[in-house]
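Asker: Before I ask anything, here is the structure I am working with.
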Amino acid sequence: AQSVAQPEDQVNVAEGNPLTVKCTYSVSGNPYLFWYVQYPNRGLQFLLKYITGDNLVKGSYGFEAEFNKSQTSFHLKKPSALVSDSALYFCAVRERPMNRDDKIIFGKGTRLHILP
Amino acid sequence: KAGVTQTPRYLIKTRGQQVTLSCSPISGHRSVSWYQQTPGQGLQFLFEYFSETQRNKGNFPGRFSGRQFSNSRSEMNVSTLELGDSALYLCASSDPARNTGELFFGEGSRLTVL
């Protein structure tokens with residue numbers, strides 16, 4: 001069965017510093033991997049995805065994520081944090097190729113606080 | 001393209017009542033998924049519909065049900081509401097033809113059960 005782990009409930013980073021939000025996954029085959037962001041009282045917004053190819057994926061708002069197959073990780077990164085990056089971040093996985101009974105599984109979320 | 005639209009955005013019910021939430025997917029998207037979000041449990045998968053058929057179901061009691069119409073709009077219903085049903089209910093649509101599984105979410109319907 002698929003699973004996603006986000007080991008940190010909260011991450012605090014000073015503005016201007018690099019940030020990392022961790023994610024590890026477990027699937028029986030090859031994964032599709034996603035990061036989503038949620039601002040207060042809003043739905044989830046898609047940030048980026050890994051399908052195949054280059055292990056470093058670039059997404060919206062300057063975020064990027066690195067797929068590491070040997071460590072089964074897909075950590076979210078940004079070189080220089082902004083206060084406006086403060087939000088709840090979700091990692092998600094889906095096994096590929098997609099089967100009928102397949103679905104996207106989300107981690108519990110990591111709350112990112114960027115300190116001015 | 002208009003995004004995923006969920007109605008109502010906010011609602012308050014009392015225990016024992018029932019509620020119906022509506023979701024209009026992005027035009028052309030035939031798959032609609034529903035998730036329940038609570039502070040303690042995170043995002044829990046409820047069900048997924050494709051072409052009016054339930055394709056997948058999460059581990060929720062039978063009080064939670066849904067359906068999808070021929071225009072891909074979807075509704076979910078919760079009967080005999082309990083306090084623990086208070087949550088943000090998120091709908092997401094996707095285009096299975098793209099075969100990447102990326103979901104597009106609505107703003108959610110926040111249900112409070114008193």
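Heads up: the protein sequence lines correspond to chains A and B, in order.
Numbering follows my numbering, with no gaps: position 48 of the first sequence is 48.
Numbering follows my numbering, with no gaps: position 24 of the second sequence is 24.
Think of the CB as a built atom: it goes at the ideal place given N, C-alpha and C, for glycine as much as any other residue.
Is DSSP giving Cys109(B) helix, strand or coil here?
Answerer: Position 109 of the second sequence, counted from the start, is the residue given in the question as residue 109(B). In the sequence on display, residue 109(B) carries Ser and not Cys. Shown here, Ser109(B) sits in a strand according to DSSP, grouped into three states.
Asker: Residues in its own chain within less than 6 Å of Val37(A) by CB, not counting five upstream and five downstream?
Answerer: The sequence position of residue 37(A) within the first sequence is 37, counting from 1. So the list reads Gln45, Leu47, Ala87, Tyr89, once near-sequence residues are dropped.
Asker: Mind listing the chain A neighbours of Gly115(B)? Cutoff is C-beta to C-beta under 7 Å, in chain order.
Answerer: Not covered by the structure: residue 115(B). The range shown for chain B is 1 to 114.
Asker: Which first and last residues belong to the beta strand (DSSP E) in which Arg111(A) is found?
Answerer: Counting from 1 along the first sequence, the entry for residue 111(A) is found at position 111. Its beta strand (DSSP E) spans residues 110-115.
Asker: If you drop the 5 nearest sequence neighbours on each side, which residues of the same chain put their C-beta closer than 8 Å to that of Gln37(B)?
Answerer: Within the second sequence, the letter at position 37 stands for residue 37(B). Within the same chain, Gln37(B) has close Cβ partners Leu43, Gln44, Ala87, Leu88, Tyr89, Leu90, Gly108.
Asker: Under 8 Å between the Cβ atoms of Lys77(A) and Thr20(A)?
Answerer: In the first sequence, counting from the first residue as 1, residue 77(A) sits at position 77. In the first sequence, counting from the first residue as 1, residue 20(A) sits at position 20. Yes, the pair counts as a contact, with Cβ atoms nearer than the cut-off.
Asker: In the DSSP output, which residue or residues are listed as bridge partners for Ala81(A)?
Answerer: Taking the first sequence and counting its residues from 1, one reaches residue 81(A) at position 81. Beta-bridge pairing links Ala81(A) to no other residue.
Asker: Mind checking whether Phe60(B) and Met76(B) have CB atoms under 8 Å apart?
Answerer: To locate residue 60(B), count along the second sequence from 1; it is residue 60. To locate residue 76(B), count along the second sequence from 1; it is residue 76. Not in contact: Phe60(B) and Met76(B) (Cβ atoms no closer than 8 Å).
Asker: Check Leu83(B) in the structure and name its three-state DSSP category.
Answerer: For the purposes of this step, residue 83(B) is taken as residue 83 along the second sequence, with counting starting at 1. Helix at Leu83(B).
Asker: Using DSSP's beta-bridge definition, name the partner residues of Gly66(B).
Answerer: For the purposes of this step, residue 66(B) is taken as the residue at position 66 of the second sequence. Bridge partners of Gly66(B): Met76(B).
Asker: Is it right to say Gln71(A) is buried, meaning 16 or more other beta carbons lie within 10 angstroms of its own, or is it exposed?
Answerer: Indexing the first sequence from 1 puts residue 71(A) at position 71. So Gln71(A) counts as exposed.
Asker: Please report the Cβ distance between Thr73(B) and Ser22(B), rounded to the nearest whole angstrom; I am assuming they are in contact, meaning their Cβ atoms lie under 8 Å.
Answerer: The count along the second sequence starts at 1 and reaches residue 73(B) at position 73. The count along the second sequence starts at 1 and reaches residue 22(B) at position 22. Rather than Thr, the amino acid found at residue 73(B) in this sequence is Arg. Correct: roughly 7 Å between the Cβ atoms.
Asker: Consult DSSP for Ala2(B) and reduce its assignment to one of helix, strand or coil.
Answerer: Within the second sequence, residue 2(B) is the residue found at index 2, counting from 1. Coil, per DSSP.
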